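Comments concern the structure below.
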Amino acid sequence: MYFKKIFIFPVEYDKFREIKMVAFGKKLKERQIQEWQGYYINYKLMKKKVKQHANQIEAGALDRQQVLKDFSWMLDNQIEKIVLFILEQQGLLASRIAQLNEQQDFLQEHPDTLKISELREAYRAVGLDLLKLLHFVEMNAIGLRKILKKFDKRFGYRFTDYYVKTRANHPYSQLQQVFKHVGLGAVIGAISRNLAKLQDRHGSYLSIYDHPALPLQDPVVDSIKSAVDRLTHSTNFLHFLGQHVFIMQEELPTTAEEHIDDQRYHFMSLLLNLANTFLYMVNTYVIVPTADDYSMSLGAAATVCGIVIGAMAIAQIFSSVYFSAWSNKSYFRPLVFSSIVLFMGNVMYALAYDLNSLAILLIGRLLCGFGSARAVNRRYISDCAPVKIRMQASAGFVSASAFGVACGPALAGLLQTKFRIYNITFNQDTLPGWVMALAWFFYLIWLWISFREPAHEAVVINITEEANAVGNDNLEKGLAQPLLLPTAKNEQNEEDDRECDENEEASEESRRPANSLASAYRLLTPSIKVQLLIYFMLKYAMEILLSESSVITTYYFGWTTSRVSIFLACLGLTVLPVNFVVGSYISNIFEDRQILVASEIMVLLGILLSFHIFIPYSVPQYVSSGLIMFVSAEVLEGVNLSLLSRVMSFRLSHGTYNGGLLSTEAGTLARVVADGTITLAGYLGESKLLNATLLPSLLICVASIIATCSTYNSLY
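Using my numbering, the first residue of the sequence shown is number 8, and each one after it goes up by one.
Quick look at the structure:
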């Protein structure tokens, strides 16, 4: 076995990323276990059938109902073939484990160190074969999801809903055998338990059931756990938190990708990226408790705070696009530009008081929005954080954002002082601007000294030319094959694939990323549009709650700025504990789509409880309803983005107009509309402000629940 070096120069880096995005049919063929070839889903045949059915419908030879039945019958046969093979292999593994258990029982009575070591290796061998079977199940599960998506795309998004509803929920469902690996869990548990038992620690046998917190050091067990997690989408706190960043990854990442990431990784640069995220969120929410007072001091109504707070979001709609495009070429320069613009924006925000100019105040906030580098922050994690720590980096991004949301109002509560220096006023209204300007100035110095631009020189990748049928070598072969000179057999396979994909590839306009918002929008299926609607709804509801909190609490309860700051800070501090509970426990008990619907209903309940119907309007009612709404929206965000990444086209995983940008734009637009609603509702008077702003939230929430129910079975 030898290695071939492949040099990828800067101008060819994007081409390399496209090479990784080979058609799934080729991936399946190249990565399947050779001796099991006949038991995989016949993906090429299924694609041909999709094409044939499309032609038959256009010619009027078949109606949609006939197509549904015919394709369902064919898919049933494919799934049955897969499931029967899984059961056969499962039985063989179970038989081998039973034999090894007999040996283990004998060794417990007649201990022999050498034979115990041999027995451990025998269990590991069974574990490696189990890994092969899990890889087999995973490839087929991905193939089934992809063929369902492909059929939906050609026939109006009906088939997945029909098929899942009739098959997945049936008591004799074979589909569950593939997606839920029913039965394999017992084999996984047997191998894990026995390998743990054979770890002789402190002279005694240990059990994974008696010591659930005991870390398993055996790499085979760790690999099995990782494979099961990928297959079942099971999660933990870091994974659930990281999903908020909405960084789409390849379903089957390669070792070459990890090598490239390692070349571009720099810890201090990643830390600076997270610091930018934290400071920006502090900058966003530090003015919320005092924006109404600042507006009134400049001669405007208190509800103009909606425009003051929302100005930053308005500018962010545009800044997200140019920062996303800029990050294709550099990360350092956009972050420097962001820091300078935010410094200038905060200085203008602070000077508006002495200049007595609402226009200067709004221009300052607009400049802060134009300095929003969150698109760069996301992109840096996606491109430069190695695969092995990408989820932790993503969780760090969300934690920095959540901490910023909590620290912003808390900081405003601490800045309750007033003094003048050289005719410049420093008070609770202007100090947030001065403090943030100073923070961005020091951040800029730190950035200039410590940030390292990711290397753009030639990247050398070692790729195995000869690969085994199992394990990482087989995955490397899948990446290496397109880069090597094709053999006659490969040329024939490529010719067959071209014949199969001719119309399909033409309709998809290649596999390159979307080059405009319009082309990105055309890639959105109804399921994706519903997910974006949900994201819009939750961001709208949260912005209404946060932005009008100072006006509402002052009007109804006479709260001071300090009390408003404490309330908002407490809301922000709930983010991490709530995500910990959901990520570590709830998401492993219920399906994502079940949590999605439940969270939407809880947001709706929070909105309903917030209405001013009963007199007097009490503090417990406001605080409890706000807490329910905020916490439910936080849970909804993580689950929604997890499902969104699962149903979104991989073409939207990279490039300027990616899925992260679309979700950011949807959320930012929601904030703009919410802040605008607060200002417009202010013309009705402060007594009607609460109900007037909650009514749109209620209607959007109801619409999102109805839309979710209509696409529920497509979220499988």
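Even glycine gets a Cβ: it sits at the ideal position worked out from N, Cα and C. Since the model is a prediction, treat every value here as computed from it, not as a measurement.
According to the DSSP secondary-structure assignment, I431 is paired through a beta bridge with I428.
Counting along the chain, Y292 sits inside the alpha helix (DSSP H) bounded by residues F274 to Y292.
Just measuring C-alpha positions, the residue of D599, H619 and L668 sitting nearest F247 is D599. Apart from sequence neighbours up to five positions away, the residues of its chain that approach Q423 with a beta-carbon distance below 7 Å are Q435, T568 and S569, ordered along the chain. Nearest C-alpha to L531 among K156, F597, M549 and K395: K156. A direct Cα-to-Cα measurement between N290 and L69 gives close to 60 Å. Of the candidates I535, G415 and I685, G415 places its Cα closest to the Cα of L578. Judged by pairs of C-beta atoms under 8 Å, the region 552 to 563 touches the region 299 to 314, as three or more such pairs exist.
With 16 or more other CB atoms across the displayed protein chains lying within 10 angstroms of its CB, L668 is buried. Here M655 carries a coil assignment [DSSP, helix/strand/coil].
Here G565 carries a coil assignment [DSSP, helix/strand/coil]. For N384, the enclosing alpha helix (DSSP H) stretches over residues R381 to C391. Between the region 351 to 365 and the region 436 to 454, the count of Cβ pairs shorter than 8 Å is three or higher; the stretches touch.
Here V646 is near S606, since their CB atoms are less than 8 Å apart. About 4 Å separates the CB atoms of M319 and G376; that is less than 8 Å, so the two are in contact. Comparing C-alpha distances from R161 to each of C716, H60, V571 and S337 shows the shortest one belongs to H60. Nearest C-alpha to N335 among Y387, Y292, A417 and W441: Y387.
Here the C-alpha atom of L374 lies approximately 18 Å from the C-alpha atom of T671. With a contact defined as Cβ atoms closer than 8 Å, I48 and I93 miss out at about 12 Å. S326 and I602 have their C-alpha atoms spaced approximately 33 Å apart. In the DSSP assignment, F350 falls within the alpha helix (DSSP H) that extends over F339 to L362. DSSP places S625 in no alpha helix (DSSP H); its state is neither H nor E. When the Cα atoms are used, V144 and I596 turn out to be separated by approximately 22 Å. Within the model, the alpha-carbon separation for V171 versus G98 is close to 27 Å. For F285, the CB contacts under 7 Å within the same chain, skipping 5 residues up- and downstream, are A407, F410 and G411 in chain order.
Around the beta carbon of F426, a 10 Å sphere encloses fewer than 16 other beta carbons of the protein chains shown; the residue is thus reported as exposed. Under the Cβ criterion (8 Å, minimum of three pairs), the region 617 to 630 counts as touching the region 685 to 702. Cβ neighbours of S632 within its own chain (closer than 7 Å, five residues either side excluded): G613, L616 and S617. Going by beta carbons, S652 and G666 fall inside the 8 Å limit. When the five nearest sequence neighbours on each side are left out, the beta carbons in the same chain lying within less than 7 Å of the beta carbon of L35 are those of Y47, Y50, M146 and G150, in order along the chain. Closest in C-alpha terms to L107, from the list L648, G134, F344 and N586, comes G134. Excluding residues up to 5 positions away in sequence, V405, E644, G645 and L648 lie with their Cβ nearer than 7 Å to the Cβ of H251 in the same chain.
Annotated as proximal: K56 and M81, with beta-carbon spacing under 8 Å.
Of the other Cβ atoms in all chains shown, fewer than 16 fall within 10 Å of the Cβ of M275; this residue is therefore exposed.
P533: member of the alpha helix (DSSP H) spanning P533 to S554, first to last residue.
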